[in-house]
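*Asks:*
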Amino acid sequence: MRAYLNIFFVIVRRDLLLAFRNKAEWTNPLLFFIIVIMLFPLAFGSDPTLLKQLTASIIWVAALLSTCLSLETIFRTDFEDGSIEQFILSRYPLLLTVNAKILAHWISAGIPLILIALVTGFVLSLSNQTMFALCTTLLLGTPILSLIGAITAALTIGLRGGMLLSLLILPLYIPVLIFSMLAIQNATVGQSITAEIYFLAGILVLALTLAPIATSVALRIRLS
Amino acid sequence: MNMPRWMHQFASLKYFYTLSRWLPRWLALACLVCFISGLYGGLILAPADYQQGDSFRIIYIHVPSAWLSLFIYMIMATAGGIGLIWRIKIAEIIARSSAPIGASFTFLALVTGAIWGKPMWGTWWVWDARLTSELILLFLYLGYIALQSAFEDRRVAAQAGAILALVGVVNIPIIHYSVEWWNTLHQGPTLTKFDKPSIHLSMLIPLLLMLLGFKTFYLATLLIRVRSEILEYECNSAWVRELIKGINNDVK
Amino acid sequence: MSIFSVKNLECIRRDKVLFQGLDFMLEDGDLLQIDGINGSGKSTLLQLCVGLIRATTGTIFWNAENIIDCRYQFQSNISYIGHADGIKADLTVQENITLMHSLSGSPAAVDYPSILKLIGVAGTEKVFVKRLSAGQRRRIGLARLFMTPAKLWLLDEPFNTLDKYGKTIIEQLIVQHCATGGMVIFAAHQLLEMADYTLQHIHLGHH
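Chains as they are written, first to last, in our numbering: chain V, 18 to 241; chain A, 385 to 636; chain U, 8 to 214.
1. Using DSSP with H/G/I as helix, E/B as strand and the rest coil, what is U/Tyr87?
2. In angstroms, rounded to a whole number, what distance separates the CA positions of V/Leu33 and A/Lys398?
3. Starting from V/Ser100, follow the alpha helix (DSSP H) in both directions and report where the run begins and ends.
4. Run through DSSP, which three-state label would U/His214 get?
5. Runs of 4 residues minimum, wholly inside the stretch 83-144 of chain V: which ones carry the alpha helix (DSSP H) assignment?
6. When you compare each of A/Pro448, A/Asp433, A/Leu403, A/Tyr424 to A/Phe601 by their alpha carbons, which one comes out closest?
7. Does V/Asn116 have its Cβ less than 9 Å from a Cβ in chain U?
8. Strictly under 9 Å for the Cβ-Cβ distance: is A/Ser453 near chain V by that measure?
9. Mind checking which residues open and close the beta strand (DSSP E) that includes U/Gly93?
10. Applying the 10 Å Cβ sphere with the 16-neighbour rule, what's the burial state of V/Pro229?
11. Hey, which unbroken runs of the alpha helix (DSSP H) at 4 residues or more fall wholly within the stretch 107-195 of chain U?
12. Find the residues of chain U that neighbour V/Val27, judging by a C-beta separation of less than 9 Å, and give them in chain order.
13. Is A/Phe440 near the ligand GTP, judged by its Cβ being under 8 Å from some heavy atom?
14. Run down chain U in chain order and give the residues with a C-beta less than 8 Å from the C-beta of V/Glu102.
15. Determine, using beta carbons only, whether U/Asp76 comes closer than 9 Å to chain V.
16. Under the rule that 16 or more other beta-carbon atoms within 10 Å means buried, what is U/Thr155, buried or exposed?
17. Looking at U/Ala186: is its Cβ nearer than 9 Å to the Cβ of U/Tyr172?
18. State yes or no: is the C-beta of U/Ile181 within less than 9 Å of the C-beta of U/Leu53?
19. What number of angstroms, rounded off, separates the C-alpha of A/Thr576 from the C-alpha of V/Met55?
20. Taking A/Ile472 as the reference, which of U/Lys124, U/Gln82, U/Thr63 has the closest Cα?
21. For V/Val29, is the classification buried or exposed, using 16 other Cβ atoms within 10 angstroms of its Cβ as the cut-off for buried?
22. What is the DSSP secondary structure of A/Asn555, reduced to helix, strand or coil?
23. Is it buried or exposed for V/Phe139, if we count other Cβ within 10 angstroms and need 16 for buried?
24. Round the Cβ separation of A/Trp648 and A/Ser439 to the nearest angstrom and send it over; I've been treating them as touching at under 8 Å.
25. DSSP puts U/Phe68 in a beta bridge; with which residues?
26. Counting only the same chain and skipping the five closest in sequence on each side, list residues whose C-beta sits under 7 Å from that of V/Ser107.
27. Of all the options V/Asn39, V/Arg31, V/Thr72, V/Phe26, which has the alpha carbon lying nearest to the alpha carbon of V/Ser142?
28. Mind listing which residues of the stretch 508-532 of chain A have their C-beta closer than 7 Å to chain V's C-betas, in chain order?
29. Given a threshold of 16 other Cβ atoms within 10 Å of its Cβ, counted over all protein chains shown, does A/Arg625 qualify as buried or as exposed?
30. Where do the ends of the beta strand (DSSP E) carrying U/Met32 lie?
31. In terms of alpha-carbon separation, which member of V/Thr147, V/Val53, V/Ile101 lies closest to V/Val234?
32. Based on DSSP bridge pairs, tell me the residues matched to U/Leu39.
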């Protein structure tokens, strides 16, 4: 058990170190996130009441899109340099490695996303309730994005073009988007958001249980 | 994992190919009978709806195709899962061959839904919960097909597709539920279109006939696709070579 | 005493039969070379042997147990080095070796300087792998073999991109491993004379 935990953290640290060393790969999706958020006011016009209504939705859509970009890198270099082979054939379960890699992805892509979203929400002076709902939904939602995304990322590694990844993944993200948006809208008008939060938490638990298994199977298939 | 003996035999592609020889024709015949009687009953015998007039008659196409679009996805995921666990080729082939048919039915359901919506809502498209779910389902199908075509190796493609289909199956109820919830909160409870608490028997029987007709149509087209895919899979084996030689001799 | 055996192995890739009815067996101290021209299925055979890909027919046994049924027990007894070195370009040599060491599950502590010296890249601990040449990277990849407690080594073209000196080190390492009761299967497209050790051959490419 101790050895397993040890390996888990070794891999998390390795992936974080690699993300830190390869700054462009790590920051580009975040930059993209900010730019997409900025595009919407330009498209909708700068009417403050309208924008206030839309800001949280815009942040969520931008988060989905930028996650698609960051997911492309989760297994790519490991596939190219043969590290995945070594993970599959090591004495430790592949599930352990996959879980560690997903956690590392969430830390390096999900958490910065939440922080930027909070700063954006603050700057655009969202109400306290809306900020709270945005924060909670992002905290529960971004791990789901990493988990489900890992499956499709594993299925599409080594295939040219990140387009396919986005195509496969965005329909699967719809429930997360819907529940988050409902929570935020409820919060804005001062209603309870408990139901939506429970749903998101339920999806998170489901994804935590099934997604790593599906990802491991997908990796084995892709390597064969 | 081991599988029972009879499953082994059934899983043999050659056995399946010879066994299914006459099936497409019989199924096509059954389909034709169902279509003719169902359409006659639905378009001519059944009375017009007291609210919607004659435009309700599109349900004879819309409902079966919407029903099949989901049904085929389930078949695809089940067959894919069986192929993944027991490595049965025939299951992989069934899953792969179902996808384009399922996508076509989904598309048909969307188009007929839009055509029906035009006189009812005055516009081709509204974000109705069912139509939106159906649209998402179409994207799931198209994603599956896109993934299939991205691989060179058929078996890898089939297995990767199986995972995607299984993930999709877990997601479909969640998607369906979330969309429904989103829809009721946004638009208020719209009148539910195709749920008729008490549908008249003269409308119901043609509908059931059409359902049966669509199902046999699916099975017939599926078998044709599966049979030709089997030949492609086994193009190197002795029995396929024999078969092709036989056909060539017949032509001469 | 361990036995690695392959029974009636067949492999079809992209509708082409690569090999059929392949049988062989390795016991402690056995050294096996797989040779054959490019595209004859050497790498595929190795990938089948480690369980990365599944055979269309045939079974692979580790101590009379199918490797699919005893996956992790088998995997803790093998060390596989494929075409790719399995090292990260953005990590330093030392970081890479620490990582290999953790994954190998070896309880013994690792002595970097002496390993690096043995493989002829002494003093590169702090250098990023991306700054090294292809041959040096290959050597770092092969450094796994110095740390692994595994009994069976499976090496795909281990001598590729190595110079004469590197080749000698690895040859010595392989022979030494076999002499102390290990087993090695390696693929190489040309026949090699391993200094005074009996070498078994499998030749692929005829059917």
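Every residue, glycine too, gets a C-beta built ideally from N, C-alpha and C. Small disclaimer: the values here were computed from a predicted structure and weren't measured.
*Replies:* According to the data block:
1. The residue labelled residue 87 of chain U in the question sits at position 80 within the third sequence. Of the three classes helix, strand and coil, the one that applies to U/Tyr87 here is strand, per DSSP.
2. Translated into positions along the first sequence, residue 33 of chain V becomes position 16. Translated into positions along the second sequence, residue 398 of chain A becomes position 14. Spanning the two alpha carbons is a distance of roughly 52 Å.
3. Along the first sequence, one-based indexing puts residue 100 of chain V at 83. Here the alpha helix (DSSP H) through V/Ser100 covers 100-106.
4. To locate residue 214 of chain U, count along the third sequence from 1; it is residue 207. Unreliable positioning characterises U/His214 in this predicted model, as indicated by a pLDDT of 47, which lies under 50. A coordinate reading is not provided.
5. Taken in chain order, the complete alpha helix (DSSP H) segments of 4 or more residues contained in the stretch 83-144 of chain V are 90-97, 100-106, 111-122, 128-140.
6. Here the question's residue 601 of chain A lines up with position 217 in the second sequence. Answer by Cα proximity: A/Pro448.
7. Walking along the first sequence from the start, residue 116 of chain V turns up at place 99. Output row for V/Asn116: interface = no.
8. In the second sequence, residue 453 of chain A corresponds to position 69, counting from 1. Answer no: the Cβ-Cβ gap between A/Ser453 and chain V never drops below 9 Å.
9. Sequence index remark: in the third sequence, residue 93 of chain U carries index 86 (1-based). Per DSSP, U/Gly93 belongs to no beta strand (DSSP E) and is neither H nor E.
10. Position 212 of the first sequence holds residue 229 of chain V. The residue is buried, with at least 16 neighbouring Cβ atoms inside 10 Å.
11. Given a length threshold of 4 residues, each whole run of the alpha helix (DSSP H) inside the stretch 107-195 of chain U is given here in chain order: 119-125, 141-149, 151-154, 171-186.
12. Position 10 of the first sequence holds residue 27 of chain V. Within 9 Å Cβ-Cβ: Thr105, Leu106, Ser109, Leu110.
13. The model on display carries no ligand, and the ligand GTP is accordingly not part of it.
14. Taking the first residue of the first sequence as 1, we reach residue 102 of chain V at position 85. Chain U residues near V/Glu102: Leu59, Tyr87, Gly89, Ala91, Gly93.
15. Mapped onto the third sequence, residue 76 of chain U falls at position 69. Chain V contact via Cβ: absent.
16. Working through the third sequence from its first residue, we reach residue 155 of chain U at position 148. Looking at its Cβ environment, which holds 16 or more other Cβ atoms inside 10 Å, U/Thr155 is buried.
17. Reading the third sequence from its first residue, position 179 is the one you call residue 186 of chain U. Reading the third sequence from its first residue, position 165 is the one you call residue 172 of chain U. Against a cut-off of 9 Å, the Cβ pair of U/Tyr172 and U/Ala186 comes out as no contact.
18. Taking the third sequence and counting its residues from 1, the one referred to as residue 181 of chain U is at position 174. Taking the third sequence and counting its residues from 1, the one referred to as residue 53 of chain U is at position 46. Not in contact: U/Ile181 and U/Leu53 (Cβ atoms no closer than 9 Å).
19. On the second sequence, position 192 is the one that residue 576 of chain A refers to. On the first sequence, position 38 is the one that residue 55 of chain V refers to. Low per-residue confidence applies at A/Thr576: pLDDT is 48, beneath 50, and the placement is therefore not dependable enough to give any value.
20. The sequence position of residue 472 of chain A within the second sequence is 88, counting from 1. Checked all of U/Lys124, U/Gln82, U/Thr63; the closest Cα to A/Ile472 is U/Thr63.
21. Counted from its first residue, the first sequence places residue 29 of chain V at position 12. Label assigned to V/Val29: buried.
22. Here residue 555 of chain A refers to the residue found at position 171 when the second sequence is read from its first residue. Here A/Asn555 carries a helix assignment [DSSP, helix/strand/coil].
23. As a position in the first sequence, residue 139 of chain V is number 122, starting the count at 1. Residue environment analysis places V/Phe139 among the exposed positions, since fewer than 16 neighbouring C-beta atoms fall within 10 angstroms of its C-beta.
24. Residue coverage of chain A in this structure runs from 385 to 636, which leaves residue 648 of chain A outside it and unanswerable.
25. Taking the first residue of the third sequence as position 1, residue 68 of chain U is located at position 61. For U/Phe68, which the question treats as bridged, DSSP gives the partners U/Ser12, U/Asn73.
26. Sequence index remark: in the first sequence, residue 107 of chain V carries index 90 (1-based). Excluding its 5 nearest sequence neighbours in each direction, V/Ser107 has no C-beta neighbour in its own chain below 7 Å.
27. Translated into positions along the first sequence, residue 142 of chain V becomes position 125. Taking only the C-alpha atoms, the option nearest V/Ser142 is V/Thr72.
28. If the cut-off is 7 Å between Cβ atoms, the stretch 508-532 of chain A has Ile520, Phe523, Leu524, Gly527, Ala530, Leu531 near chain V.
29. What you label residue 625 of chain A is simply residue 241 of the second sequence in a count that begins at 1. A/Arg625 comes out exposed.
30. Here residue 32 of chain U refers to the residue found at position 25 when the third sequence is read from its first residue. Counting along the chain, the beta strand (DSSP E) containing U/Met32 begins and ends at 23-34.
31. The residue you call residue 234 of chain V lines up with position 217 of the first sequence. Out of V/Thr147, V/Val53, V/Ile101, V/Ile101 has the C-alpha closest to the C-alpha of V/Val234.
32. Taking the first residue of the third sequence as 1, we reach residue 39 of chain U at position 32. According to DSSP, which records beta bridges pairwise, U/Leu39 is partnered with U/Ile192, U/Gln207.
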